[in-house]
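Residues 4 to 129, numbered by this note's numbering, are exactly what the sequence shown covers, in order.
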Amino acid sequence: MPEIPYLGLMALVLLLGSAIRWFWRAMKVNIPASFGLYRGLWITGLVLGVLAYLQNPADPFAPTAIGIGALLVYLISTGRQRMGGESISVGDKIPAFTAIAADDSTFNSSTLEGKRVLLKFFRGHW
Numbered sequence: 004m005p006e007i008p009y010l011g012l013m014a015l016v017l018l019l020g021s022a023i024r025w026f027w028r029a030m031k032v033n034i035p036a037s038f039g040l041y042r043g044l045w046i047t048g049l050v051l052g053v054l055a056y057l058q059n060p061a062d063p064f065a066p067t068a069i070g071i072g073a074l075l076v077y078l079i080s081t082g083r084q085r086m087g088g089e090s091i092s093v094g095d096k097i098p099a100f101t102a103i104a105a106d107d108s109t110f111n112s113s114t115l116e117g118k119r120v121l122l123k124f125f126r127g128h129w
């Protein structure tokens, strides 16, 4: 009976499980303020995949774990969007901002002064 390459399989399960959890949270717009946990899990999965490959180049799980781990670490490391420390709560006065509207006109938040407004922003993570 052939031996199961546990290290490569463990790396792949760690990467896929944490990636599925990450994308589920992103879909629910519930991205954590810190990427530390996921970055740590993905780097650990990548390292385990490399170790599994070095120990046994015939490990069928190791190359997939290396590929997925490298992609996830790259994506989270090169993402330009970062969550700032400031937030707006219900009833707060919004900070001044200018943006480009859908019709290419300039929109200024000062036009909302004195009005009740619902602002909804979507924050992607990379």
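From the three backbone atoms N, C-alpha and C, an ideal C-beta is built for every residue, glycine too.
Given residue i as reference, the closest of the options once Cα atoms are compared
| i | options | result |
| --- | --- | --- |
| Leu15 | Asn33, Pro60, Leu49 and Leu40 | Leu49 |
| Ala55 | Ala22, Gly117, Tyr77 and Pro8 | Pro8 |
| Tyr77 | Ile46, Ala36 and Met13 | Ile46 |
| Met13 | Val53, Tyr41, Lys96 and Ile79 | Val53 |
Which residues DSSP lists as bridging residue i, in chain order
| i | result |
| --- | --- |
| Ala22 | Ala22 is not bridged to any residue. |
| Thr81 | Answer is none; Thr81 lacks a bridge partner. |
Buried versus exposed, by CB contacts within 10 Å (16 or more), residue i
| i | result |
| --- | --- |
| Gly11 | buried |
| Met4 | In this predicted model, Met4 has a pLDDT of only 42, less than 50, meaning its place in the structure is not dependable; the value taken from the coordinates is given anyway. The residue is exposed, with fewer than 16 neighbouring Cβ atoms inside 10 Å. |
| Asn111 | exposed |
| Trp27 | exposed |
| Ala104 | exposed |
Three-state secondary structure (DSSP) of residue i
| i | result |
| --- | --- |
| Ala61 | coil |
| Ile69 | helix |
| Ile7 | coil |
| Ile34 | coil |
| Ile103 | strand |
Backbone CA spacing between residue i and residue j [nearest angstrom]
| i | j | result |
| --- | --- | --- |
| Trp129 | Gly43 | Any answer about Trp129 is weak, because its pLDDT of 48 lies below 50 and its placement is not dependable; what the coordinates show is given next. Answer to the nearest angstrom: the Cα atoms are 17 Å apart. |
| Lys123 | Pro98 | 14 Å |
| Phe38 | Leu51 | 20 Å |
| Lys96 | Ile23 | 37 Å |
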